[in-house]
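Chemist: Below are the structure tokens for one structure; questions will follow.
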Amino acid sequence: MIVKLENVTKTYKSGVKALHNLSYEVREGEIYGLLGPNGSGKTTSINCLLSLLKFESGNIEIFGEKMTPERYDIKSKIGVVPQNVAVFEELTVYENIDYFCGLYVPDQSKRKQLVEEAIDFVSLNDYRKFYPKKLSGGLIRRLNIACGIAHKPSLIIFDEPTVAVDPQSRNKILEGILKLNEQGATIIYTSHYMEEVEQICDYIVIMDKGEVIKHGTKEELKNSISLGETIEIQVLDPKVEYLDLIKAIPNVFECYYKEEMMVVKSGKGKTNIPQVLNVLSLNEIKYGKMYSSLPTLNDVFLEITGKQLRD
Amino acid sequence: MFWTFVFPLCLGTFFYLGFGNLSNDNILSTVDVYIASESKEEQLVNQMKVIYISEDEPLFQVNTEYSQDQLENKLNDNEIIGYIYTKDGEIIYKIAENGLKQTITKSFLDSYIQVNDLILSVSTSDPSKLPVVLADLSNPGDYLEVAKSGTNPKANNFIIYFYALIAMACMFASYWGMGLVNDIQADVSPLAARVSVTPTHKLKLIVLYALAALTLHFIGNLGLIVYLRFVLNVEFANNIGLIILASFVGTISGITLGAFLSSIIRGSINKKEGMITTISMVLSFLSGLMNVDVKYLVTKNAPILGYLNPANLLTEAFYSLYYYSDLGKYFFNLLLLSILSVIMIIVTFLRIRGNKYDSI
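Protein sequence lines, in the order shown, are assigned to chains A and B. If you use our numbering, the first sequence corresponds to residues 1 to 311, in order. If you use our numbering, the second sequence corresponds to residues 1001 to 1360, in order.
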């Protein structure tokens, strides 16, 4: 195991219980996703992991060794990309990366090469002499990443690296993370964006209120819930009695209107599209567009907690 | 950067412009001093009479004809600017309003009281040294020298304000010290949290940051001293090297003070900045950087405060160059300042080393 959290409990002085017997294990070479809404304890667990925060009970090991603030040998193998951009406003892009890399790699010639590679990696070549203030949101996030990975760590922690980033930059960041993983780095990735976690993570922990509420691969998580399919139909003349007609179809367990769309949820098994269409035709219900989708991680979260991931 | 490089130069220029408007006559004309007849002290009167601006022009014209009540009436009628009387053995100088002549008189009285205290102290602690001290004191002293060296109207009586300016510039280094801790203490900023998770030892970081801050701020102070001495032509006598040394030690103490305060004050950067500005101002105020009388009051009533106040130790070092030409006192104050700095940096390190925080 690269990272092992065992029954970690953390309560802030304010009385807020941020982590409650939290446990998870990260294996070498995987991209490990921590998914949960804001305030679910993702960042707190990362800060405990890095020995920044005190916690009342539990045990944390990294690379098989107990983590403490003085374990500089362990810290030297970790790269951190914090949620909030943390760079020096007074330094240029190049100087910032060089500074943070220098805190890990004292050798100047080696560092020079690493900094160049990091700048290449995040495609900031054209901005190396820019000060952070002059960079767009996406570019400054890339600088934030470069500062955390330049020393080529074997464990990299990304804490919500795509917050407030445009879609193009977000894709670049996600591609970069996959590339780092291909190069051998173990990744811990926290996010409240289920699409991102679904897109890049090998193993996912879903957190809420400081606890792990479900974990597994994305397939395992989706298979763990009763929902098999969601069909959405644009009903042109929506009436309440239509809902009962659809609910009568075997395997359908929920049907409701969401604005002008009828939402039909059914259990696992074959698709229910033919049966739904049949009911609509037989009852001369006029309809327009129709979509069918498989369960998402949001559905997993919704089924377990009764609320949306982004609530 | 503003407090390091710009503000002291601006303030120095303002001082120069302000004092430059005062003519030589304004500064060094004879001052009429009234002492209540019932409070007349021969020793004080004699001391005042031996000080001359030039060969035939005394600094003080002493009058002891009137009683305290009469002088009080004269003061109320604006016939005199002030008078001296004693109450319970304490010499009091009562004035209607502040002014240059009043300041000169007050400065003299402060020196007189300090010298008397010194004689009393030596005669109690080591009477064998009394003849040496008295021999030293029989010399009209630095005060007369200052009064006589009236060739530089921008310096002399007002040079003390330029010393105070250098001392205050040293105290501004506390902002660097605060920045030092803010960049390392994880619960202060995301940047500090990021630095805290790197494998570089905290002590190494503190030392490196402090050296960088010292270099920058000391360059700023050197610039200020050069500007005061060679652009504004402020006469620092022949002790420019000692001023630079005091400025160097003062900068270190400013940085360590800022780091120390930042490490013990919990809260946001803004809160820390506000607190450090306030505390620095209070320390400067208590050390007499804004009003020399306050320094005297503290020294007299709560001397321990003076020894714990870096701003006070620094001004003491500067004043010992200016008032007393006493290198022993100068180096003693710098030694105390250095010890205080070492203590503050050790406490800072203990506060932020290997810390885990409740929240960040």
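A virtual CB, placed ideally from N, CA and C, is assigned to each residue, including glycine. This one's a predicted model, so the numbers in the text were calculated from it and none came from an experiment.
Let me check one thing: in DSSP terms, what residues is S1067 (chain B) bridge-paired to?
Modeler: None, per the DSSP bridge assignment.
Chemist: Leaving out five residues before and five after I1345 (chain B) in sequence, what residues of the same chain have Cβ atoms less than 8 Å from its Cβ?
Modeler: The answer, listed in chain order, is I1206, A1210, T1256, A1259, F1260.
Chemist: Taking only beta-carbon atoms, is L236 (chain A) less than 7 Å away from chain B?
Modeler: No, no contact with chain B.
Chemist: For the 8 Å Cβ check, are there 3 or more pairs between the stretch 1327-1346 of chain B and the stretch 1181-1201 of chain B?
Modeler: With a cut-off of 8 Å, the stretch 1181-1201 of chain B and the stretch 1327-1346 of chain B do not count as touching, because too few Cβ pairs lie within range.
Chemist: Given that a residue counts as buried once 16 or more other Cβ atoms are within 10 Å of its Cβ, and exposed if not, what is H1201 (chain B)?
Modeler: Classification for H1201 (chain B): exposed.
Chemist: Skipping 5 residues on each side, what residues in its chain have a beta carbon closer than 7 Å to that of V279 (chain A)?
Modeler: Taken in chain order, the residues that qualify are L245, I246, I249.
Chemist: Using a Cβ-Cβ distance under 7 Å, would Y72 (chain A) count as near chain B?
Modeler: Interface residue, yes.
Chemist: Do L19 (chain A) and S45 (chain A) come within 7 Å of each other at the CB atom, strictly closer than that value?
Modeler: Result yes, Cβ atoms of S45 (chain A) and L19 (chain A) sit closer than 7 Å.
Chemist: Going by C-alpha to C-alpha distance, which of B:S1247, B:N1309, B:V1033 sits closest to F1060 (chain B)?
Modeler: The shortest C-alpha separation from F1060 (chain B) is found at B:V1033.
Chemist: Counting contacts by CB-CB distance shorter than 7 Å, is K179 (chain A) in contact with chain B?
Modeler: Answer no: the Cβ-Cβ gap between K179 (chain A) and chain B never drops below 7 Å.
Chemist: Whose Cβ in chain A lies nearer than 9 Å to the Cβ of A1193 (chain B)?
Modeler: By Cβ distance, chain A contributes N47, L50, L52, V80, P82, N84, A86.
Chemist: Hey, out of A:Q168, A:L277, A:A146, whose CA is closest to L180 (chain A)'s CA?
Modeler: Among A:Q168, A:L277, A:A146, the Cα nearest to that of L180 (chain A) belongs to A:A146.
Chemist: Considering only the alpha carbon of each residue, which of A:Y12, A:G36, A:L53, A:E61 lies closest to E6 (chain A)?
Modeler: Of A:Y12, A:G36, A:L53, A:E61, the residue nearest in Cα terms is A:E61.
Chemist: Measure from the C-beta of K75 (chain A) to each C-beta in chain B and report whether the shortest distance is under 7 Å.
Modeler: Yes, because at least one Cβ of chain B sits closer than 7 Å to the Cβ of K75 (chain A).
Chemist: Indicate whether at least one CB of chain A lies closer than 7 Å to the CB of S1359 (chain B).
Modeler: Chain A, which has a Cβ nearer than 7 Å to the Cβ of S1359 (chain B), makes this yes.
Chemist: State the Cα-Cα distance for the pair G36 (chain A) and V26 (chain A), rounded to the nearest angstrom.
Modeler: Going by the C-alpha atoms only, they are around 17 Å apart.
Chemist: On a Cα-Cα basis, can you pick out the residue from A:S51, A:F301, A:L52 that is closest to E211 (chain A)?
Modeler: Checked all of A:S51, A:F301, A:L52; the closest Cα to E211 (chain A) is A:F301.
Chemist: Taking only the alpha-carbon atoms, compute the straight-line gap between V1197 (chain B) and L52 (chain A) and give it to the nearest angstrom.
Modeler: Distance between the alpha carbons of V1197 (chain B) and L52 (chain A): 8 Å.
Chemist: When you compare only the Cα positions, how much space is there between E1145 (chain B) and S1029 (chain B)?
Modeler: The predicted position of E1145 (chain B) is uncertain, since its pLDDT is 42 and thus under 50; a value taken from the coordinates is nonetheless stated next. Going by the C-alpha atoms only, they are around 15 Å apart.
Chemist: Please determine, among A:N125, A:R141, A:I233, the residue with the shortest C-alpha to C-alpha distance to V165 (chain A).
Modeler: Of A:N125, A:R141, A:I233, the residue nearest in Cα terms is A:R141.
Chemist: Indicate whether I213 (chain A) and I304 (chain A) have their beta-carbon atoms separated by less than 7 Å.
Modeler: Yes.
Chemist: Taking M1178 (chain B) and S1284 (chain B) to be in contact with their CB atoms under 8 Å, please state how far apart those CB atoms are, rounded to whole angstroms.
Modeler: Not confirmed; about 16 Å, so no contact.
Chemist: Taking the straight line between their C-alpha atoms, what separation do you get for L1245 (chain B) and A1096 (chain B)?
Modeler: If I take the Cα positions, the gap works out to 40 Å.
Chemist: Are L22 (chain A) and T190 (chain A) close, meaning C-beta to C-beta below 7 Å?
Modeler: Cβ distance not < 7 Å, so L22 (chain A) and T190 (chain A) don't count as in contact.
Chemist: Does the beta-carbon distance from T217 (chain A) to K265 (chain A) come in below 7 Å?
Modeler: Against a cut-off of 7 Å, the Cβ pair of K265 (chain A) and T217 (chain A) comes out as no contact.
Chemist: Anything in chain B within Cβ reach of Y203 (chain A), meaning under 7 Å, just list it in chain order.
Modeler: Result: empty, since nearest Cβ-Cβ is about 23 Å, beyond 7 Å.
Chemist: Using a cut-off of 8 Å between C-beta atoms, extract the partners of N1355 (chain B) located in chain A.
Modeler: Result: P69.
Chemist: Within 8 Å, do at least three Cβ pairs link the stretch 1273-1281 of chain B to the stretch 1224-1239 of chain B?
Modeler: Cβ pair count under 8 Å is below three, so no.
Chemist: Within a Cβ cutoff of 7 Å, which residues of the same chain sit near Y287 (chain A), ignoring the five residues on either side of it in sequence?
Modeler: Around Y287 (chain A): I233, Q234, V235, L236, L280.
Chemist: Residues of chain A with CB closer than 7 Å to the CB of T1200 (chain B), please, in chain order.
Modeler: Under the 7 Å cutoff, chain A gives L103.
Chemist: Within 7 Å (strictly less), CB to CB, does Y99 (chain A) reach chain B?
Modeler: It does not; no Cβ of chain B falls within 7 Å.
Chemist: For L53 (chain A), which beta-bridge partners are listed by DSSP?
Modeler: For L53 (chain A), which the question treats as bridged, DSSP gives the partners B:Y1357.
Chemist: Just grab the DSSP bridge partners of D244 (chain A) for me.
Modeler: Looking at the DSSP assignment, D244 (chain A) forms no beta bridge with any residue, so it has no partner.
Chemist: Going by the beta-carbon positions, is the gap between D202 (chain A) and E30 (chain A) smaller than 7 Å?
Modeler: Taking 7 Å as the Cβ cut-off, D202 (chain A) and E30 (chain A) qualify as a contacting pair.
Chemist: Do you know how far the Cα of Y1307 (chain B) is from the Cα of I1343 (chain B)?
Modeler: About 13 Å.
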